[in-house]
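Q:
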Amino acid sequence: MFIAKVVGNVVATRKNDTLVGYKLMIIQPINANGEEYKNESVAADYVGAGIGELVLVGAGSSVRVENQRKDSVIDLAIIGIIDELIV
Amino acid sequence: MFIAKVVGNVVATRKNDTLVGYKLMIIQPINANGEEYKNESVAADYVGAGIGELVLVGAGSSVRVENQRKDSVIDLAIIGIIDELIV
Amino acid sequence: MFIAKVVGNVVATRKNDTLVGYKLMIIQPINANGEEYKNESVAADYVGAGIGELVLVGAGSSVRVENQRKDSVIDLAIIGIIDELIV
Amino acid sequence: MFIAKVVGNVVATRKNDTLVGYKLMIIQPINANGEEYKNESVAADYVGAGIGELVLVGAGSSVRVENQRKDSVIDLAIIGIIDELIV
Amino acid sequence: MFIAKVVGNVVATRKNDTLVGYKLMIIQPINANGEEYKNESVAADYVGAGIGELVLVGAGSSVRVENQRKDSVIDLAIIGIIDELIV
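Those protein sequences? They're chains A, B, C, D and E, same order as listed.
With numbering that gives the first Met the number 0, the residue at position 73 of the first sequence is 72, and numbering never jumps.
With numbering that gives the first Met the number 0, the residue at position 83 of the second sequence is 82, and numbering never jumps.
With numbering that gives the first Met the number 0, the residue at position 28 of the third sequence is 27, and numbering never jumps.
With numbering that gives the first Met the number 0, the residue at position 16 of the fourth sequence is 15, and numbering never jumps.
With numbering that gives the first Met the number 0, the residue at position 50 of the fifth sequence is 49, and numbering never jumps.
Below you can see the structure in the form of structure tokens.
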């Protein structure tokens, strides 16, 4: 998993059916000091995250293990909202 | 998932059978400001994207979860056409 | 797998149910000479690692193969505590 | 998938049984302008590619979906021979 | 797959049960000219490789396809010992 900041969202009306119903958020990876690295990605929101929030992001087949998501084309998802980073 | 621009397509007559029927598009990853990063990749088109369009791209086993694609060697696919990036 | 140092942990009360019960540790990848590279990631702790310890980290679907973890959204995990690097 | 050029091959007599019978080709990733990026990798050849040819390469579990390959340790494969890149 | 050199090994007594019995080797990725790139990783040894040997390394779920390894947390493995690189 990695730490990111929610910086926006994507509007895409013509998309794969299995994405319907998910908010597609633009996330900016950040390190434990809050510094940005790499470019933005797009993650499906599993926990109701808002713009500006610090989130925990999961990738790959792991974000499709739950029954209701086994058949979705999601490969990146917001799986937690971070209260605190203790370093 | 990530954001990309469709910049061309690949012609490959001798290819794995499971790729037959798919348009193989050359995509250029871009960030939320429209700037290019990384090199181009090749994605199977699931939604009828055209050259120049801004698209949402999925990767890995997630792009093979739908029944009609479970046995295809596709590892990257265009899964949405982006109307708008709200940042 | 890769080598990392445990540098902190993440507090996230609103998170995917399948993460409940796991310590979410912030890990800093290091090479065999102990030098840092890449940015921190977040790994579920499978072996009781402490802050400052040198650990072995596994990624992807491999960290969900054990029965009790098949349905968890974990994609990165601490799977060993390193006693020694012999180079 | 990505675009690459076949630049050589690997000889490895002591190898995992499931690799027996496959030509293991050294491939150099290139972008749509023919420029090299990243380092070489090794891909199993699924389509009879020759040295110097421009090829389409697939990665991860996608290159093991076909029945005859489900139990092979292959994680990278040449899945097409490129006739033309239209950009 | 990629080419690497075995440069050492990891001693980890407290580790996930499914790693028991495997030699955990430190590997340095190299390109076809023998030049080092990226940092070291740790791979389970499937073929009896020794320190200094040139090896073929597989990654991801592909290194868990064989029955005896389906339930192991291994995500990187030495799957061949290279006799020769023909470029």
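All C-beta atoms in this analysis are idealised placements derived from N, C-alpha and C, irrespective of residue type, glycine included.
Interface residues of chain C around ILE2/A at Cβ under 9 angstroms?
A: Within the first sequence, residue 2/A is the residue found at index 3, counting from 1. The contacting residues are VAL9, ILE25, ASN38, GLU39, SER40 and VAL41.
Q: Name the DSSP beta bridge partners of ALA3/B, please?
A: Looking up residue 3/B in the second sequence gives position 4. For ALA3/B, which the question treats as bridged, DSSP gives the partners PRO28/B and VAL54/B.
Q: Evaluate the contact criterion for the stretch 40-51 of chain D versus the stretch 19-30 of chain D: three or more CB pairs, one atom per stretch, below 8 angstroms.
A: Flag = yes, the stretch 40-51 of chain D and the stretch 19-30 of chain D touch.
Q: Closest Cβ-Cβ distance between LEU75/A and chain C: below 8 angstroms?
A: Translated into positions along the first sequence, residue 75/A becomes position 76. So no, LEU75/A is outside the interface.
Q: Could one say the Cβ of VAL6/A lies closer than 8 angstroms to chain B's Cβ atoms, at least one of them?
A: Numbered from 1 along the first sequence, position 7 holds the residue referred to as residue 6/A. Chain B, which has a Cβ nearer than 8 angstroms to the Cβ of VAL6/A, makes this yes.
Q: What residues of chain D sit near LEU55/E, judged by a beta carbon separation below 9 angstroms?
A: Translated into positions along the fifth sequence, residue 55/E becomes position 56. By Cβ distance, chain D contributes VAL9, ALA11, LYS14, ASN15, LEU18, LEU23 and VAL41.
Q: Work out the CA separation of ALA58/D and ASN8/C for me, nearest whole Å.
A: Along the third sequence, one-based indexing puts residue 8/C at 9. Along the fourth sequence, one-based indexing puts residue 58/D at 59. Near 33 angstroms, if we compare the C-alpha coordinates of ALA58/D and ASN8/C.
Q: Going by C-alpha distance, which of ASN15/A, MET0/A, VAL10/A and SER71/A is nearest ALA11/C?
A: Within the third sequence, the letter at position 12 stands for residue 11/C. Checked all of ASN15/A, MET0/A, VAL10/A and SER71/A; the closest Cα to ALA11/C is MET0/A.
Q: Just confirm the distance between the C-beta atoms of VAL62/C and GLY79/C, as a whole number of angstroms; I'd bet it's less than 8 angstroms.
A: Within the third sequence, numbered from 1, the residue matching residue 62/C stands at position 63. Within the third sequence, numbered from 1, the residue matching residue 79/C stands at position 80. Not quite, the Cβ-Cβ distance comes to about 12 angstroms (not below 8 angstroms), so this is no contact.
Q: Do you know whose CA, among LEU18/C, ALA31/C, ASN30/C and TYR36/C, lies nearest ASN93/A's CA?
A: A query on residue 93/A cannot be resolved here, the shown segment of chain A reaching from 0 to 86 and no further.
Q: In or out: GLU34/E buried (at least 16 other Cβ within 10 Å) or exposed?
A: Residue numbering aside, residue 34/E sits at position 35 when the fifth sequence is read from its first letter. Label assigned to GLU34/E: exposed.
Q: Which class does SER60/B belong to by DSSP, given the choice of helix, strand or coil?
A: If you number the second sequence from 1, residue 60/B lands on position 61. Of the three classes helix, strand and coil, the one that applies to SER60/B here is helix, per DSSP.
Q: Express the C-alpha separation of ILE73/C and ASP44/E in angstroms, rounding to a whole number.
A: Counting from one through the fifth sequence, the residue named residue 44/E turns up at place 45. Counting from one through the third sequence, the residue named residue 73/C turns up at place 74. Computed Cα separation, rounded: 25 angstroms.
Q: Strictly by DSSP, which residues pair up with ASP44/E?
A: As a first step, residue 44/E must be located in the fifth sequence, where it is residue number 45. DSSP lists ILE77/E as partners of ASP44/E.
Q: Do you know offhand how far ALA90/D's Cα is from GLU65/D's?
A: Given a span of 0 to 86 for chain D in the structure shown, any question on residue 90/D remains unanswerable.
Q: Between the Cα of ASP92/A and those of LEU18/A, VAL56/A and ASP82/A, spot the shortest distance and give me the residue it belongs to.
A: Limits of chain A in this structure are 0 at one end and 86 at the other, which puts residue 92/A out of reach.
Q: Residues of chain B with a CB under 8 angstroms from the CB of ILE50/D: which are they?
A: Numbered from its first residue, the fourth sequence carries residue 50/D at position 51. Chain B residues near ILE50/D: none, gap ~16 angstroms exceeds 8 angstroms.
Q: Cβ atoms of GLN27/C and VAL56/C: under 8 angstroms apart, would you say?
A: Walking along the third sequence from the start, residue 56/C turns up at place 57. Walking along the third sequence from the start, residue 27/C turns up at place 28. For VAL56/C and GLN27/C, no; Cβs fall outside 8 angstroms.
Q: Along chain E, in chain order, which residues have C-beta atoms closer than 8 angstroms to that of VAL72/C?
A: Residue mapping note: residue 72/C aligns to position 73 of the third sequence, counting from 1. Under the 8 angstroms cutoff, chain E gives no residues; its nearest Cβ is about 16 angstroms from VAL72/C.
Q: Give the residues of chain B in contact with GLY33/D, contact being defined as C-beta atoms less than 9 angstroms apart.
A: Position 34 of the fourth sequence, counting from 1, holds the residue named residue 33/D. The contacting residues do not exist; GLY33/D stays about 11 angstroms from chain B at best.
Q: May I have the straight-line CA-CA distance separating ARG13/B from ASN38/B, to the nearest angstrom?
A: The residue you call residue 13/B lines up with position 14 of the second sequence. The residue you call residue 38/B lines up with position 39 of the second sequence. Those two C-alpha atoms are separated by around 24 angstroms.
Q: Between ILE81/E and ILE2/E, which are expected to be in contact by the criterion C-beta below 8 angstroms, what is the C-beta distance as a whole number of angstroms?
A: On the fifth sequence, position 82 is the one that residue 81/E refers to. On the fifth sequence, position 3 is the one that residue 2/E refers to. At roughly 7 angstroms, the Cβ-Cβ gap stays under 8 angstroms, so ILE81/E and ILE2/E are in contact.
Q: Does DSSP put ASN66/A in a helix, a strand or coil?
A: In the first sequence, counting from the first residue as 1, residue 66/A sits at position 67. If DSSP states are grouped into helix, strand and coil, ASN66/A belongs with the helices.
Q: Ends of the beta strand (DSSP E) at LEU84/C?
A: The sequence position of residue 84/C within the third sequence is 85, counting from 1. Taken as a continuous stretch (DSSP letters only), the beta strand (DSSP E) holding LEU84/C covers 83-85.
Q: In whole angstroms, what separates the C-alpha of SER40/B from that of LYS4/D?
A: Counting from 1 along the second sequence, the entry for residue 40/B is found at position 41. Counting from 1 along the fourth sequence, the entry for residue 4/D is found at position 5. Roughly 14 angstroms between the two C-alpha positions.
Q: Would you say ASP82/C reaches chain E, if we count a Cβ-Cβ gap shorter than 8 angstroms as a contact?
A: Taking the first residue of the third sequence as position 1, residue 82/C is located at position 83. Answer yes: the Cβ-Cβ gap between ASP82/C and chain E drops below 8 angstroms somewhere.
Q: Rounded to the nearest angstrom, what separates GLU52/E and GLU83/E at their Cα positions?
A: Within the fifth sequence, residue 52/E is the residue found at index 53, counting from 1. Within the fifth sequence, residue 83/E is the residue found at index 84, counting from 1. If you take the alpha carbons of GLU52/E and GLU83/E, they lie about 11 angstroms apart.
Q: Applying a beta-carbon distance threshold of less than 7 angstroms, which residues of chain D neighbour SER61/B?
A: Taking the second sequence and counting its residues from 1, the one referred to as residue 61/B is at position 62. What SER61/B touches in chain D: nothing, since even the nearest Cβ is about 10 angstroms away.
Q: Between the C-alpha atoms of ASN15/A and ASN32/E, what's the straight-line distance to the nearest angstrom?
A: To locate residue 15/A, count along the first sequence from 1; it is residue 16. To locate residue 32/E, count along the fifth sequence from 1; it is residue 33. Looking at the two C-alpha atoms, the distance is approximately 43 angstroms.
Q: Would you report the Cα separation of ARG68/A and ARG68/B, rounded to the nearest angstrom?
A: Walking along the first sequence from the start, residue 68/A turns up at place 69. Walking along the second sequence from the start, residue 68/B turns up at place 69. C-alpha separation (whole angstroms): 16 angstroms.
Q: Report the rounded CA-to-CA distance for SER60/C versus ALA42/C, giving the unit in angstroms.
A: Taking the first residue of the third sequence as position 1, residue 60/C is located at position 61. Taking the first residue of the third sequence as position 1, residue 42/C is located at position 43. Roughly 13 angstroms separates the two Cα atoms.
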